[in-house]
Amino acid sequence: SGGADMVALVTASRAYWPRAEAENWNVFVAPMTYTVNEQIYHETYVDCNGTFEQVLAAGRSLKTSQPNMAVFMSAFEELVGKGYEVICITLSSRLSGTYSTASVAATQVDGGIHIVDSRSLSGGLRFMIMKASQMIQQVAGATEIVNA
């Protein structure tokens, strides 16, 4: 574990990260859940979802839900336990409950956790995460990154 200047990034799977790219950018991806024709699917990395997109396209009934609080709490606890400050960048709070879920999860974990509402969707969210990751590589602190 390192000092207080170690920063980790968390986001939801809607940012469409391939697994290797998420690992390269050091981003933890919280899965979103879909129910299609009463069958539950967990969306993870864009290249690890199998036939998921065809199932969605053919689905007669579709329900979506944001990552649940336990997923965020688990990620936050693990990262804080390793000595990281956490920045969680979510989908727009206007379109998803992910921001509020992550915010509540953050209150349940003792440590430096910053929840950022991207006010954006997949592409914009992805660019924000990439910028934050670049700032982490340049050893920027969590507060500086959140303000940017």
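Heads up, the sequence shown stops at 158 in our numbering, and the numbers go up one at a time, no gaps. Even for Gly, the Cβ is constructed at its ideal location relative to N, Cα and C.
With a threshold of 16 other beta carbon atoms within 10 Å, Leu105 falls short and is exposed. Cβ-Cβ distances below 7 angstroms link Ala142 to Leu19, Ile97, Ile99, Ile155 in the same chain, with the five nearest sequence neighbours on each side left out; the list follows chain order. Within 10 angstroms of the beta-carbon of Arg136 lie 16 or more other beta-carbons, which makes it buried.
Glu95 is positioned such that its CB atom lies no closer than 8 angstroms to that of Val119. Contact annotation, Ala32 with Val39: C-beta distance approximately 5 angstroms; criterion of less than 8 angstroms satisfied. Here the alpha carbon of Gly121 sits roughly 18 angstroms from the alpha carbon of Tyr109. Taking a C-beta distance under 8 angstroms as the contact criterion, Ala158 and Leu101 do not qualify as a contact pair. Apart from the 5 residues on each side of it in sequence, Ala112 sits with its Cβ closer than 7 angstroms to the Cβ of Phe82, Cys98, Thr100, Ile125 in its chain, given in chain order. Ile123 is not a Cβ neighbour of Trp35, given a cutoff of 8 angstroms. Apart from sequence neighbours up to five positions away, the residues of its chain that approach Ala115 with a beta-carbon distance below 7 angstroms are Met79, Phe82, Met83, Phe86, ordered along the chain.
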